[in-house]
Each structure stands twice: as structure tokens, then as C-alpha cells.
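1 is the number of the first residue of the sequence shown in the UniProt record's numbering; add one for each residue after it. Ideal placement from N, C-alpha and C gives every residue a C-beta, glycine not left out. Down below is the structure, laid out as C-alpha cells.
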Amino acid sequence: MSRNRIPYFDFYPSDFMHGVRGLSAQEVGVYTMLLCRIYEENGPVEFHIMRLSTYCGMRENTFTKVVDKLVDLGKLDLVDGMLSNHRAEVEISSRANKLKNNSKAGKASAEKRQQKQRLVSTNVQQPFNHTDTDTDNTSSLRSDVSVKSVDQEFENEFWPFYPRKVGKGQALGSGTFLIDHPLDPANKNLRHGFVEAPEYVNIYRGVVRLVNGKAAVNIDDYFGMVPGTFSALNADIMISSLQNQEGGTVVWPDGKMTGGILNITCADETCNDEIAWMVTGRRKDAFVLNLDPNCERGTGRFIPEVDKEA
1 MSRNRIPYFD FYPSDFMHGV RGLSAQEVGV YTMLLCRIYE ENGPVEFHIM RLSTYCGMRE
61 NTFTKVVDKL VDLGKLDLVD GMLSNHRAEV EISSRANKLK NNSKAGKASA EKRQQKQRLV
121 STNVQQPFNH TDTDTDNTSS LRSDVSVKSV DQEFENEFWP FYPRKVGKGQ ALGSGTFLID
181 HPLDPANKNL RHGFVEAPEY VNIYRGVVRL VNGKAAVNID DYFGMVPGTF SALNADIMIS
241 SLQNQEGGTV VWPDGKMTGG ILNITCADET CNDEIAWMVT GRRKDAFVLN LDPNCERGTG
301 RFIPEVDKEA
């Protein structure tokens, strides 16, 4: 394998299954093989019928018909004798940027370790468990003795023992989803940006029909969660919106939510209109309370501002 090839790529099962819906097993097989080839080559591949049909284990005529259909459906692009896929090109570019950033981060980390080592005024390497018993000593030797940061404590003491390692976050500059456009999947992609906030917010929304001016929504039942999940997961619960979808009669929440139950009352006791509702809550699960380095220990409140490393 040549040095410029990268032996992996990110795979999104839901997106892929959505993209191949309606294709035959044979078409999915060819599509998958060609995508892998594009990722392997880090870009478009030559449309060499004999070579690619052999690669896919098919007769040339059958292979050509399948590729023509995939091109017609917009699954593949054929330009100047080269086969490509728009989503694959985006992912390849993203993968290259990640590798470049990881390389820079690795070099920066190595340089920082070297700088710290140069600060030590002895040629004898200190053991990791060394502490200076003379608290008045301010020599450069004390540069190695420091209080552990929250990130270090999280990585070294909590995360290795956290069951199943579910929940570790990754910081991104921004975020989007990318899917086939639902109205024109053959020719267009659709992108949306993530909704962001300076805290971990859970959003619950839905509709309910009043019966004689009353309605009750059990959030756990509505979303198919185990009873008690909503209450266990959320703090600072807010009823953000109640809107009558079928008339102008005023509705309001009937007191605070308890046990994950939203009670709604209408000014008209005979009203049977449909009501749209929205409830938000701040996460208070064990991970954000005790393990997440982005949150205050014990409160789970998100820390939006941090100093950059020197």
C-alpha cells in the first residue's frame, strides 16, 4: 500500500442505508466496492471497465449497466473518465484535515514535553511520584510538581474505569449533518447546522389533544423511555412553549411538572383542540455531574469559557 493511502474511513450506517434504499443487492455491492476504491485512492478512480469489473467479480456488460444506473441516480459521478462520489470527497478532505491537525497536535505536545524537560536543572530524571518535601524551595525542580488539571484527572483516574466508556465528548469548531436531499436525492445534498448552547440542554416536544379542556403528557411514555428517565436526567425543567394548533383558545401549564408529567389546561372547558408543547431541561446525569471535564464537579454546570494553554 502506498504511503499516501489511508487504510480507514468513517462509516455512517444510517446515512448509507438511506442512500442505498431501493437499490438491488447487486447494485449495492458494486456501489460499496467502488466507494471503498475511491476511499482507498483518496479520490476519483479511473473508469477502467475491465479492471473494475474484475475488482467487483462481474461481467463487463453487467458491471457497465450497474454503473450507468448508479450515475443516473446520482450515487456516482463520471467526469472525464473518472468515477467519484461527492460525499466521499467531502469525507476524504475531512479525514485529511483531521490527520493534519492530529499531526500538529502531536508535534506541539512533543515540543511542550521537551520544553518542560529543559526546565529541570538536573540530568537525573525525577520519578513520577516525586514530591519536594521542602515547601519553601522555589527552584526550577518544582516546575514538575503541580496540581493535576481537571482534564488530567479525568483522563487518568476516571475515564479508564468508567463502565462501557459511553459519553466522552469531542470538541468541534462547528457541526452539520449531510444527507441526500429528500426532494431531489439524485442531484442535491441537504445540510443543517447543529443547535448549540452554553449548557447541555435536552429538548422534548410534541402534540397532544385536549379532552374537555384538559391534557396530560407523560414525557417518558411519549418518547418510549423507561419510567423515571426524564426526572433522573433533567434539572432546571422549563415548559418553553404551549401553542393551540387549531384555534385561539388560551392554554397554560397546570402547575410545575412533577414525575415527568406535563399537565395542560384550557380556558374553554369544552375545548378538544390539538396543542403543541415544548419542554427543556439541563442534563444532570452522573457523567456530567462527576466525569465530564467540561462541567463543574457536583453541579454539572457547563463551563463555557476556559483559558488557552500557554
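Quiz prompt | C-alpha distance - E27 paired with L183, whole-angstrom precision | solution = 22 Å
Self-check item: 7 Å Cβ cutoff met for A235 and R297
Solution: no
Quiz prompt | Any beta strand (DSSP E) of 3 or more consecutive residues that is wholly inside the stretch 205-234 | solution = 214-218
Quiz prompt | Residues that DSSP places opposite F177 in a beta bridge | solution = H192
Quiz item: Whose CA, out of D220, L70, F9, lies closest to the CA of L23?
Solution: L70
Exercise. Check whether the stretch 203-214 touches the stretch 283-291, counting contact only when three or more Cβ pairs, one atom from each stretch, lie closer than 8 Å.
Key: no
Quiz item: Skipping 5 residues on each side, what residues in its chain have a beta carbon closer than 6 Å to that of I92?
Solution: N42
Quiz prompt | Residue from F177, G19, R51, S94 with nearest C-alpha to N187 | solution = G19
Exercise. Please report how far the alpha carbon of R301 lies from the alpha carbon of V67, in whole angstroms.
Key: 53 Å
Practice problem: Mark C36 as exposed unless 16 or more other C-beta atoms lie within 10 angstroms of its C-beta, in which case mark it buried. | Solution: exposed
Quiz item: Can you give the Cα-Cα distance for C266 and V250, rounded to whole angstroms?
Solution: 6 Å
Quiz item: Does DSSP put S94 in a helix, in a strand, or in coil?
Solution: helix
Quiz item: At which residues does the beta strand (DSSP E) containing R297 begin and terminate?
Solution: Per DSSP, R297 belongs to no beta strand (DSSP E) and is neither H nor E.
Quiz item: Among residues of its own chain, excluding the 5 on either side of F63, which ones have a beta-carbon nearer than 8 Å to its beta-carbon?
Solution: V30, I49, L52, S53, C56
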